[in-house]
Amino acid sequence: MTHRDRFEAVYDAYYPAIHQYAARRTGSPDDTADVISETFLTAWRRIGDVPEGEEALLWLYGVARRVLANQQRGEFRRAVLTERLRAELAADRPVGPVDLDHVRAAFDGLPERDREVLALACWEGLTSQQIAKVTGCTAIAARTRLHRARKRMAAALERQASLTIAMGEA
Numbered sequence: 530m531t532h533r534d535r536f537e538a539v540y541d542a543y544y545p546a547i548h549q550y551a552a553r554r555t556g557s558p559d560d561t562a563d564v565i566s567e568t569f570l571t572a573w574r575r576i577g578d579v580p581e582g583e584e585a586l587l588w589l590y591g592v593a594r595r596v597l598a599n600q601q602r603g604e605f606r607r608a609v610l611t612e613r614l615r616a617e618l619a620a621d622r623p624v625g626p627v628d629l630d631h632v633r634a635a636f637d638g639l640p641e642r643d644r645e646v647l648a649l650a651c652w653e654g655l656t657s658q659q660i661a662k663v664t665g666c667t668a669i670a671a672r673t674r675l676h677r678a679r680k681r682m683a684a685a686l687e688r689q690a691s692l693t694i695a696m697g698e699a
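Residue numbers (our numbering): 530 to 699.
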């Protein structure tokens, strides 16, 4: 199999998963496209390093994760503005039984490492062992990080609920 054939097979097999991964973590279709492009460009350049089978997907998740990290390094001001706008818009929205803005705020308030393991587990459906491969840690460390991230998310949701109640009483 030529390098081109191998790349096309990897691209065809894993494009949908990488697209979903990127789309869930970016704010726009353009950013999603950038992550996908950079991820598969890396795969093209390093096709000899891409493992076979399911390991290829985990390898691509790892590449996409690093591409996203690079992309996010320069976006601090944009994130501050987004949070300010989100807060202003949330004030105008009625609170429902499941307020997705509060879930998002709780999630966004977590450390990056917590958000990543929760997203890999919940959005991508990865096991602790698979998360370990994507993040470059041991399976035990991934399991521990996931457990702690879930606890911090639960606490963050409690704080969000308390804020909602306090704001409703004011």
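Just so it is clear, CB atoms sit at the ideal spot from N, CA and C, and this is done for glycine as well.
Query raised in the report: Is residue 675 closer than 8 Å to residue 650 when the C-beta atoms are compared?
Result: At the C-beta level, residue 650 and residue 675 come within 8 Å of one another.
Query raised in the report: At a cut of 8 Å, does the stretch 576–590 reach the stretch 659–668 through at least three beta carbon pairs?
Result: By the Cβ rule, the stretch 576–590 counts as touching the stretch 659–668, because three or more pairs are nearer than 8 Å.
Query - Residue environment, residue 682, which counts as buried when at least 16 other CB atoms sit within 10 Å - result: With 16 or more Cβ atoms within 10 Å of its Cβ, residue 682 is classed as buried.
Query - C-beta atoms of residue 646 and residue 600 nearer than 8 Å - result: Going by C-beta atoms, residue 646 is not nearer than 8 Å to residue 600.
Query - Cα-Cα separation between residue 595 and residue 631, rounded to whole angstroms - result: Cα to Cα, residue 595 sits roughly 28 Å from residue 631.
Query raised in the report: What residue does the alpha helix (DSSP H) around residue 565 start on, and which one ends it?
Result: Residue 565 -> alpha helix (DSSP H) spans 558–574.
**Report entry** Expected contact under 8 Å - CB spacing of residue 638 and residue 685 to nearest Å
**Finding:** Beta-carbon to beta-carbon, residue 638 and residue 685 are separated by about 5 Å, close enough to satisfy the 8 Å threshold.
Query raised in the report: Using a Cβ-Cβ cut-off of 7 Å (strictly less than) and excluding sequence neighbours within five positions of residue 553, which residues of its own chain qualify?
Result: Apart from sequence neighbours up to five positions away, the residues of its chain that approach residue 553 with a beta-carbon distance below 7 Å are 648, 652, ordered along the chain.
**Report entry** Closest by C-alpha distance to residue 673, when choosing among 687, 688, 657
**Finding:** Shortest Cα-Cα distance from residue 673 to any of 687, 688, 657 involves 657.
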